[in-house]
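In full-length UniProt numbering, the protein residues as written are 1 to 425.
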């Protein structure tokens, strides 16, 4: 590819007579390396120039024009290509944007020019010149995908009043410039206007130019308009520049919009991905929380089941132990009672009614104490209550702890008695 490029540049130098290798390279690049198209755009006698901008102008805008617009057509009238890199602007720690903010004088000069132009030719007449320095105006043109219309004002030139009042302030001219260009003006009496006139080699006034930013930190001069012009001539010249560059500007706008749309699409996709990821993570957290909850509930249910099971086992064991203790107690009580005596004058017959309605009868020696009656009840399997009292109806007498040591005869239960059991609450 390098050999093919060098061959094309050498051939173009030979047929056009342009000796500057860099300038030929830029012209061919602007025509997409189409030799025939590049030759057709060259007119005999046109002097192509490579000129650098004033340092303080480009230092404010360095980094702003790089890679902005791809030039699609080079116009008759020449190309003014300014290489910013050869000025050594890469030195220093500050960025281009910082230096741009440090140029209030250029903006002040532009604002003064606008005010003076309106005072002299009427407010609201003529193009809408931006009150910004040249670098800012070029950046604005890039953002709006327009060409930059440059007017260098020479207050002392005899043709200036007629040109401004009759051409620039003509409604068709002003409307055409406002619609298709960003307009910047500067007085050659002021610093930036004077330096721009030197850089553009403005030798004849009134002077206008049409410029645009190109790649590799270069600015392209598309039209250079010198001397008095009628509104028709001005519009024709400007129309030619617009037509030749419209495809490039539209392509640049489309590219920018496509990049913006792609960026927006990527951001939307990234946002959708993040949202989906967050949703997945939320679902995973919810799943884990629910799983942990189920596990906790299962563990709690198992713990309760084991506790209930152990409680039941303890209750069963206690019940069994209690039943065994009652059985032993009944056995011990029965053994303590001894054999039931036969009927006789010293034998008392006792009838005991249980809460269930069941009745039990037994004979005791009259000398037996009340305690023996309780032992008898305890030896039976008819009563589960542990606390109870033996009570007689007529008269009602409760044979509680204070009467346990009395004999049946002393208690008035001989020769026979009828008692019932009263459960204590």
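Each residue gets a CB set at the ideal place from its N, CA and C atoms; glycine is no exception.
- Which word fits residue 177, buried or exposed, when buried means at least 16 other C-beta atoms lie within 10 angstroms of its C-beta? buried
- Message: Relative to the C-alpha of residue 155, which candidate in 164, 327 and 282 has its C-alpha closest?
- Response: If you compare the alpha carbons of 164, 327 and 282 with that of residue 155, the shortest gap goes to 164.
- Query: With a cut-off of 8 Å, do at least 3 Cβ pairs link the segment 375-390 to the segment 347-358?
  - Reply: yes
- Residue of 131, 196, 175 and 209 minimising C-alpha distance to residue 147: 209
- Task: Compare the Cα-Cα distances from residue 142 to each of 290, 401, 269 and 251 and report the closest residue.
- Result: 251
- Query: Touch check for the segment 317-334 and the segment 396-406: three-plus C-beta pairs under 8 Å?
  - Reply: no
- For residue 145, is the classification buried or exposed, using 16 other Cβ atoms within 10 angstroms of its Cβ as the cut-off for buried? buried
- Say whether the segment 358-373 touches the segment 314-325, bearing in mind that this needs 3 or more beta-carbon pairs closer than 8 Å, one atom from each stretch. no
- Can the beta-carbon of residue 231 be found closer than 8 Å to that of residue 172? Cβ atoms of residue 231 and residue 172: closer than 8 Å.
- Query: What's the C-alpha gap between residue 385 and residue 290?
  - Reply: About 51 Å.
- Task: Go ahead and label residue 19 buried or exposed: buried means 16 or more other beta carbons lie within 10 angstroms of its beta carbon, across all protein chains shown.
- Result: exposed
- Alpha carbon to alpha carbon, what distance is there between residue 207 and residue 225? 6 Å
- Message: Looking only at its chain, what residues have a beta carbon closer than 8 Å to the beta carbon of residue 129, apart from the 5 residues adjacent to it on each side?
- Response: 110, 113, 114, 117, 151, 183, 184 and 185
- Query: Which first and last residues belong to the alpha helix (DSSP H) in which residue 344 is found?
  - Reply: Looking at the DSSP string, residue 344 is not in any alpha helix (DSSP H), and its letter there is neither H nor E.
- Query: First and last residue of the alpha helix (DSSP H) that includes residue 239?
  - Reply: Where residue 239 is concerned, the enclosing alpha helix (DSSP H) stretches over 231-337.
- Within 10 angstroms of its Cβ, does residue 136 collect 16 or more other Cβ (buried), or is it exposed? buried
- Top-ranked residue by Cα proximity to residue 382, from 360, 394, 372 and 396: 360
- Query: Whose C-alpha, out of 175, 298, 105 and 108, is nearest the C-alpha of residue 124?
  - Reply: 175
- Within 8 Å, strictly: CB atoms of residue 419 and residue 348: Cβ distance not < 8 Å, so residue 419 and residue 348 don't count as in contact.
- Going by the beta-carbon positions, is the gap between residue 451 and residue 181 smaller than 8 Å? Absent from the model: residue 451. The displayed extent of the chain is 1 to 425, so no value can be given.
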